[in-house]
Each structure stands twice: as C-alpha cells, then as structure tokens.
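Note sheet for the following structure.
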Amino acid sequence: MVETSRKRTPEEYLRDCQAEEDAASRGRLKVFLGYASGVGKSERMLREARRRRERGQHLAIAALQPKTPPEVLAILDGMPVIPTRTVHGRDVIDVDALLDRRPSVCVIDGLAYDNPPGSRNAARWQDAQMLLAAGISVIGSVNIQYIAEFREEVEAITGKSVRETVPLEFLKTADEIELVDAPAERMGEDPRRLAKLREIALVAAADVVDQQLSGYLRAHGIDQTPGAQERILICLTPRTNLRAMLDTGSAIAERFHGQLIVAYVRQPEITPNDQAMLNEKLEAGRAAGAQIVELEGESPVAAILDYAKTHGVTQLFVGHSQQRGLLARIRRNPVEKFIRNSQNMDIRVFPQ
Amino acid sequence: MTRGKLKVYLGYAAGVGKTYRMLVDAQQLKAAGRDVVIGYFEPHARPDTIAQTEGLEAIPRRLIEYRGTRFEEMDPAAIVARRPEVCVVDEFPHTNVPGLERAKRWEDVEFLLDHGVDVLTTMNIQHLESLNDQVFAITGVRVRETIPDWVVRQAADVVMIDVTPRALLHRLERGVVYGREKAQRALENFFREPALVALRELAMRQTAHEVEHRVEPAKRGGARLLIVLSGDPESAMLIRRAKRVADYLGAECFAVAVSPNGDLADFPEPQREAVERHLNFARNLHIETRILAGQPEAEVLVDFARRNAVTQIFVARARAGSPWLRRSLLEQIVLRAKDMQVVIAGAR
Chain A
8 MVETSRKRTP EEYLRDCQAE EDAASRGRLK VFLGYASGVG KSERMLREAR RRRERGQHLA
68 IAALQPKTPP EVLAILDGMP VIPTRTVHGR DVIDVDALLD RRPSVCVIDG LAYDNPPGSR
128 NAARWQDAQM LLAAGISVIG SVNIQYIAEF REEVEAITGK SVRETVPLEF LKTADEIELV
188 DAPAERMGED PRRLAKLREI ALVAAADVVD QQLSGYLRAH GIDQTPGAQE RILICLTPRT
248 NLRAMLDTGS AIAERFHGQL IVAYVRQPEI TPNDQAMLNE KLEAGRAAGA QIVELEGESP
308 VAAILDYAKT HGVTQLFVGH SQQRGLLARI RRNPVEKFIR NSQNMDIRVF PQ
Chain B
1180 MTRGKLKVYL GYAAGVGKTY RMLVDAQQLK AAGRDVVIGY FEPHARPDTI AQTEGLEAIP
1240 RRLIEYRGTR FEEMDPAAIV ARRPEVCVVD EFPHTNVPGL ERAKRWEDVE FLLDHGVDVL
1300 TTMNIQHLES LNDQVFAITG VRVRETIPDW VVRQAADVVM IDVTPRALLH RLERGVVYGR
1360 EKAQRALENF FREPALVALR ELAMRQTAHE VEHRVEPAKR GGARLLIVLS GDPESAMLIR
1420 RAKRVADYLG AECFAVAVSP NGDLADFPEP QREAVERHLN FARNLHIETR ILAGQPEAEV
1480 LVDFARRNAV TQIFVARARA GSPWLRRSLL EQIVLRAKDM QVVIAGAR
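First to last, the protein sequences are chains A and B. First residue of the first sequence? That's 8 in my numbering, and the numbers climb one at a time after it. First residue of the second sequence? That's 1180 in my numbering, and the numbers climb one at a time after it.
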C-alpha cells in the first residue's frame, strides 16, 4: 500500500480519541451475516462460541432460534444458557440476569426481534447495545432481509415482508462481521431470488469491511489509497457535458457496486448564468444518485486531486474540449495536470 | 458428453477454511449418492481438514522427477479413466512441474470438465489475473500464479469462504495454518491486518459480481473497448485493467498495436519481443488482438476505433521522463477522439 501520512484534523483527532475511549470499555460485537435461513449461520456461530469457551472465555447463551435443529443444539453441549423470558408469548432476552451474571461474551442467535411493550428496550438489537455498553461482548446473527435499509429491496425480490428489523448503523458498529455464504442450490428455493439476496449480503458485508479499513487507515494517519471499492469522481464545471459522464459513471458504479461522486470547486466570481447551469447539473447528479461534494481551493485541479487522493477515488472523469489553439497549449490543459498528478487513478477523458 | 460443472471456493488468504468447506460439501455429495473422488488434496497437516477426507477415494498422484527432485502432481488422465462424477481439486492456481502436458492446474481442471467430470476447487482472490496490480498495491507482493478471469467466469458457482481477519490471525499465531516459522514470514506481508481487510473486501465484491453475473449478465451493446498496446511494460497492467472494466460492463474488447506495415517485424528488438508477449497475454485473457498498419499512430488508432464503433480507448500512462513522442501520442489520441472516451489507466 502506498502509505503517505497525513495529519488528522482536530475534529478527526477528537473523534478518534473518543472512539478509542469508548472501545476500551465496551464489549466487542461480532455479527454473522447470512442471506437466507439455512445457510448455516447458527452452526458457525455456536461452533465459534464453543471454541471460545474451550479457550477459557466466560460465555453465556442469551438467545437461540426457536427452531434450532438438534444437530446444531448438540454443539451447545453444556454451555451455560441464560434462558429467555416469555412475555406476551414472545422470547425476550433476560438483560438483567446477563448484567447480573456478567459473562465476558454472550451469544444472541437472531438479532432481529422486537420486544413486547414494557420491556427494557423496544428491540433486541438495543438489548445487545446495552450489553456492549456494559462491557459484555456479543456474538450475534442476522439475515440480510432483516436489515432495515434492505427490507424493501428484499421484499421486492422475495414478495415476503418482514416487520422486525435491525438498522444498518448497528451492523456498522460491529468490530467484526463474518459473512456466511453458501451455494444457493442447497436452500431449495428459487435460485434466482436467492442469488439476488446473496449479492445484497455480499455487498453489504463489503461495505462494512470497507468502512473498517478506512477507520484503520485513518487511525494510523494513512491517506486513503485505492483499495477494493471503486470510487468514481466526476469533475463538474458549469460547462461539463454531464449527461455522458453520468451515464458511464452510473453504469460502472452499478456493475462494480461502487460509489459515484460529483465534485465541483467553488468559484468566487461565477456569473449568474454559469451558476444556473451548475445548479441544473448538480440536480441531475443528485437525481442519478451521486454524492455531491463542494470543494474550495485556489487551484481547482489541486483541490480535486487532494480530495480524490484522500477519499480513495479510483477513477477520475474529466471533460476535455479539443481545442488545438495556441492559447490552449500555453495554458497547459488541466487534463494534462490531472494525468501527471494522479499516478494510481484511471483518468477518463470525455469529449465536450 | 456434457461438460462438467465447476464450483470455486473463494477465499482471501490461506487458512480461511476453503479446503475444509469444499470437503464438507464433497462428503455431502457422496452421502447424496454421487461418485466423488479426490483428484488433488494438499495435506497441510491440518487435522480437522484431513479428517474430512475420510471415506473419499483419492486418485493416486503421479511422481515427477525434475532436476533431481521428486514432485507430486495431480494425474488428470488417471482421474478421467476412473470416470467419477465429481472430483475435488485443491489449489486451483498451482503451476505444474515443467514438462507435463499442461502448464497449469486450471488447465488440468479444464481437461476434467471437458471429460464430463464436475470439479470442486479452491483459490484465493489474489490469484485472479485482473486483480494482479491491485493486489500488488495492497500487499507489495507480485503474485505469479494467476488464473484468467474467464476461467472463473465459466464456473457454475463461486462461493466466498469468509472468516474475520482477527480470527484468521489467531489461527495463524497458534500455528494452525502454517508451521510457526512459516507463519512468522506470512505475517509480515500478506497477513498484515490492513492488507487482509482489503483482500477480504476484494473477495466479497468479486463474489457479489460473480453471483450477479450468473443471474443478470451485463447487457451487451453500448460499450466497446480498444486497448492500445506497445512494448512498454505498462501494457500488461493496462490489459488487465481494461479487461476487468470490459467484463464488468459486458463490453467487447480488442487490443491493438500499430506499426508502419502492420507486422511485428517492424518493431526493433527488444521491443518486438515485448509487443509479441503483450499480444499473447491479451489473447490468453480472451481478448481479440490485431496489429494495425500505418502512420501516424494516433490517426490509425482513432480511425480503427471509429470504424469498429469503439466507445472507449484505453491507453497506458506515459511514465515520467518518457520520450516526448509517447506523451504526444496520448495527446494526439485525445485530440482526435472527438466522439469517444479516452481512459488513461492508473499505475496500480
């Protein structure tokens, strides 16, 4: 990895300090993420629990799935269980008993359950949060269709709606996420549907991992370097032919499961006419689902390159008007500056 | 004969449990009544894994003498003669000892598939050809044993075998994966935590792409890519990158070099040899290649691109201090390509 160190801004420094302090006293969260029931999450998780116990960790089972098959239950083999309480016909984790017993790790098979009214927390993932805050580590499992942000997408594929969900933000707080992948043919459902779910789960896991990588690099003062995630940055000016850039950018971002960014450098003396054109283009960018970034800097090229280098951009889209005039040569076309100063990015030049 | 089906167990490092999971599946297939054999199994002496081979027939490996040392290799002819339904082949990217019928294990696997045998196999993401430069940027290691993307693309299924880097590092420290001494060396490059995290993310995204491709291949039409080759060493990287983009977009892809008479002999040595090597490399990745005749180079390229409805021209970046001519070629292409995108590939 090309490691160029960068000073953290005071805000980043404070945030990192806070995060470190929180991390020291908090329990660790590990999530097993699957794409359908039957991929083997419970089994993988309980095997890990067992290994941890064999290594001497003080471990307790806080919740199991109601329909855990006997061969999976067999893995439990004498592990301490703190039984769930049944309230209004629902299984609720016994948070008080857990806080009382203070195991170092507890296992929650199935994070996406709502608690009945009157419980300590409205949802089970919040129980988990409470345990983590109290310094108890949590190993939990969840399927992709129960992540709130993917619910609609999954519903459109499976036709089944789920009510109880876990927010993606909670998943992103996991110290570790383990993806449980398995061939779709085994599940005995429509393989096309399952494949779509698999894809969603894989990309969601990759996004969480990407965030962990960024956090790690930031904590070590390393500039974000082009990693695994494709990030496309479109350089916008009032006169950019944005349509072509957005078409290509969206197609690439979609197929690579990447990120699309439209950036422009603020110009102090912009004419009202140019501003109107710019606004129109920014709107088009937003409509295409791109993230909009406004930059400042005396040199627009430097501002764009600085942003690109610190945000892991892998592809830079720039417009180029094919003027051959003497003036264009003397002014050293910005495209050339981009090419010369962006060693590890692809520069995609669009005719204007 | 119907061609066999290929299933790839994809990981991001040694020790994530690919072989174990493959063998568990093989046992299940056998229990379901299929005729399963082991074609090659790397006994890294992990007891859990070895235990999973129990009851599976192993086809004896062949002993090969090479420069006074004896090597054991898979015996594809013996496997085909045995006519199993399913064959387990560990370490897909392995390079055979010189002098065998085929240089690479993936070619042996192609042979098995051609003979109607289903194959289960294992590989790590860093061995995928089109990611070679990215993997180098992440790990600092240039992986030599690579598998062309089309080989993985034709697999019936690709399954990601995941474990968290933390758990993997634990296993490594406890000497489960390698012996302790070898583990120490491994910890120094591939197994640095940020490298593992990045490789893992690559594997997840690649698997997502493979899964998506099988249910929803990119629509053909639209994009067509032209790769401009030369004798410069950047050409290999350019080919990998452009092919990766083409595959993801479902675009057609050509690679061309230009010379006055459209003949390799036009290039002076040692350039001629390099151009030829790059053309071969492109063909191995299933890219159509051609040598175009004429001058000036930029004009020939852009004319060819236009006649062939190319939408994107991929050019290597001129190195700092590279001759004026080379920089000027890039400029000339950009100036002439009024109706196409020009991509200057990054040095990854």
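Even for Gly, the Cβ is constructed at its ideal location relative to N, Cα and C. All values reported here derive from a predicted model rather than from experimental measurement.
Reference Pro123/A; option with closest CA among Glu305/A, Thr91/A, Asp254/A, Ser144/A: Along the first sequence, read from residue 1 onward, the residue named residue 123/A stands at position 116. With respect to the C-alpha of Pro123/A, the residue from Glu305/A, Thr91/A, Asp254/A, Ser144/A having the closest C-alpha is Thr91/A.
Chain B contact for Val216/A (CB, 9 Å cutoff): Your numbering for residue 216/A matches position 209 in the first sequence. Yes, contact with chain B.
Best match in Met1253/B, His1349/B, Glu1308/B, Ser1438/B for proximity to His1465/B [C-alpha to C-alpha]: Start at 1 with the first residue of the second sequence, and residue 1465/B comes out as number 286. Looking from the CA of His1465/B, the closest CA among Met1253/B, His1349/B, Glu1308/B, Ser1438/B belongs to Glu1308/B.
Partners in chain B for His327/A, counting only beta-carbon separations shorter than 7 Å: One-based indexing of the first sequence puts residue 327/A at position 320. Within chain B, the residues near His327/A are Val1513.
Range covered by the alpha helix (DSSP H) that runs through Val1296/B: Looking up residue 1296/B in the second sequence gives position 117. Val1296/B -> no alpha helix (DSSP H), and no H or E assigned at all.
Which residues DSSP lists as bridging Lys1283/B, in chain order: The count along the second sequence starts at 1 and reaches residue 1283/B at position 104. According to DSSP, Lys1283/B bridges with Thr1274/B.
Assigned exposure category for Thr1248/B - 16 Cβ within 10 Å defines buried: Position 69 of the second sequence, counting from 1, holds the residue named residue 1248/B. Exposed: under 16 other Cβ atoms inside 10 Å.
For Arg35/A, three-class secondary structure by DSSP: Within the first sequence, the letter at position 28 stands for residue 35/A. Arg35/A carries a coil assignment under DSSP once its states are collapsed to helix, strand and coil.
Rounded separation between Arg1332/B and Ile207/A - CA only: Translated into the one-based positions of the second sequence, residue 1332/B becomes position 153. Translated into the one-based positions of the first sequence, residue 207/A becomes position 200. Their Cα atoms are separated by approximately 19 Å.
Nearest neighbour of Val1276/B, chosen from Ala1526/B, Val1259/B, Leu1242/B [CA to CA]: Your numbering for residue 1276/B matches position 97 in the second sequence. For Val1276/B, the nearest C-alpha among the options comes from Leu1242/B.
Contact under 9 Å by Cβ, Gly1319/B with Ile354/A: If you number the second sequence from 1, residue 1319/B lands on position 140. If you number the first sequence from 1, residue 354/A lands on position 347. Cβ distance not < 9 Å, so Gly1319/B and Ile354/A don't count as in contact.
Of the listed residues Ala129/A, Glu183/A, Ile164/A, nearest to Glu171/A (C-alpha basis): In the first sequence, residue 171/A corresponds to position 164, counting from 1. For Glu171/A, the nearest C-alpha among the options comes from Ala129/A.
Segment contact, 8 Å Cβ cut-off, at least three pairs: the segment 290–308 of chain A with the segment 257–276 of chain A: Between the segment 290–308 of chain A and the segment 257–276 of chain A there are three or more C-beta pairs closer than 8 Å, enough to call the two in contact.
Alpha helix (DSSP H) segment containing Val1259/B, residue limits: Translated into the one-based positions of the second sequence, residue 1259/B becomes position 80. Unbroken alpha helix (DSSP H) run through Val1259/B: 1255–1261.
Residues sharing a beta bridge with His327/A, DSSP: By 1-based counting over the first sequence, the position of residue 327/A is 320. His327/A is bridged by DSSP to Pro358/A.
CB contact check: Gly1525/B to chain A, cutoff 9 Å: The count along the second sequence starts at 1 and reaches residue 1525/B at position 346. Cβ-Cβ to chain A under 9 Å: yes for Gly1525/B.
Identity of the residue in Met52/A, His318/A, Asp182/A, Pro73/A nearest Gln136/A by Cα: Residue 136/A sits at position 129 when you count from the first residue of the first sequence. Per the Cα distances, Asp182/A.
Meets three-Cβ-pair contact criterion under 8 Å: the segment 158–177 of chain A and the segment 50–68 of chain A: In the pairwise beta carbon analysis, the segment 158–177 of chain A is classified as not touching the segment 50–68 of chain A: fewer than three pairs are separated by under 8 Å.
Sequence ranges, alpha helix (DSSP H) only - wholly within the segment 1437–1499 of chain B, length at least 4: Correct list: 1450–1463, 1476–1486.
Partner residues on chain A for Leu1428/B, Cβ-Cβ distance less than 8 Å: Sequence index remark: in the second sequence, residue 1428/B carries index 249 (1-based). Residues of chain A passing the Cβ test: Ala258, Ile259, Arg262.
Bridge partners - Ala70/A, DSSP secondary structure assignment: Position 63 of the first sequence, counted from the start, is the residue given in the question as residue 70/A. Ile115/A, per the DSSP bridge assignment.
Below-9 Å beta-carbon distance, Gly1295/B vs any chain A residue: Taking the second sequence and counting its residues from 1, the one referred to as residue 1295/B is at position 116. Cβ-Cβ to chain A under 9 Å: no for Gly1295/B.
Reduced DSSP category for Ala1374/B - H, G, I as helix; E, B as strand; rest coil: To locate residue 1374/B, count along the second sequence from 1; it is residue 195. The three-state reading of DSSP puts Ala1374/B in helix, counting H, G and I together.
Span separating the alpha-carbon of Leu1347/B from that of Glu1221/B: In the second sequence, counting from the first residue as 1, residue 1347/B sits at position 168. In the second sequence, counting from the first residue as 1, residue 1221/B sits at position 42. Distance between Leu1347/B and Glu1221/B, taken at the CA atoms: about 19 Å.
Nearest-angstrom Cα separation, counted from Ala70/A out to Asp98/A: As a first step, residue 98/A must be located in the first sequence, where it is residue number 91. As a first step, residue 70/A must be located in the first sequence, where it is residue number 63. Straight-line Cα distance between these residues: approximately 8 Å.
Neighbourhood of Glu160/A by C-beta, 7 Å cutoff - its chain only, sequence neighbours within 5 removed: As a working note, residue 160/A is residue 153 in the first sequence. Once the five neighbours on either side are set aside, the close Cβ partners of Glu160/A are Ile207.
Straight-line Cα distance separating Pro1272/B from Arg109/A: The residue you call residue 109/A lines up with position 102 of the first sequence. The residue you call residue 1272/B lines up with position 93 of the second sequence. Distance from the CA atom of Arg109/A to the CA atom of Pro1272/B, rounded to whole angstroms, is 48 Å.
Where Arg1241/B falls: helix, strand or coil (DSSP): Counting from 1 along the second sequence, the entry for residue 1241/B is found at position 62. Arg1241/B sits in a strand when the DSSP states are folded into three classes.
Nearest-angstrom Cα separation, counted from Val1267/B out to Ala1211/B: Taking the first residue of the second sequence as 1, we reach residue 1211/B at position 32. Taking the first residue of the second sequence as 1, we reach residue 1267/B at position 88. Each residue's Cα considered, the two are about 16 Å apart.
DSSP three-state assignment for Ala1434/B, whether helix, strand or coil: Along the second sequence, read from residue 1 onward, the residue named residue 1434/B stands at position 255. Reduced to three states, the DSSP call for Ala1434/B is strand.
Val145/A: first and last residue of the uninterrupted beta strand (DSSP E) it sits in: One-based indexing of the first sequence puts residue 145/A at position 138. Here the beta strand (DSSP E) through Val145/A covers 144–150.
Under the three-state DSSP convention, the category Glu276/A falls into: Counted from its first residue, the first sequence places residue 276/A at position 269. In the structure shown, the three-state DSSP call for Glu276/A is coil.
Residues near Ser44/A in its chain [Cβ-Cβ closer than 8 Å; skip 5 each side]: To locate residue 44/A, count along the first sequence from 1; it is residue 37. In the same chain as Ser44/A, and ignoring 5 residues on each side of it, the C-beta atoms closer than 8 Å to its own belong to Asn150, in chain order.
Residue of Lys1398/B, Asp1411/B, Ala1444/B minimising C-alpha distance to Glu1431/B: Numbered from 1 along the second sequence, position 252 holds the residue referred to as residue 1431/B. It is Lys1398/B whose Cα lies nearest to the Cα of Glu1431/B.
Nearest-angstrom beta carbon gap, Val1494/B and Ile1512/B [assumed within contact, 8 Å]: Working through the second sequence from its first residue, we reach residue 1512/B at position 333. Working through the second sequence from its first residue, we reach residue 1494/B at position 315. Between Val1494/B and Ile1512/B the Cβ distance is about 6 Å, and since that is below 8 Å, they are a contact.
Anticipated Cβ contact below 8 Å, Leu1378/B with Ile1340/B, distance rounded: In the second sequence, counting from the first residue as 1, residue 1378/B sits at position 199. In the second sequence, counting from the first residue as 1, residue 1340/B sits at position 161. Between Leu1378/B and Ile1340/B the beta-carbon gap is near 13 Å, outside 8 Å, which marks them as no contact.
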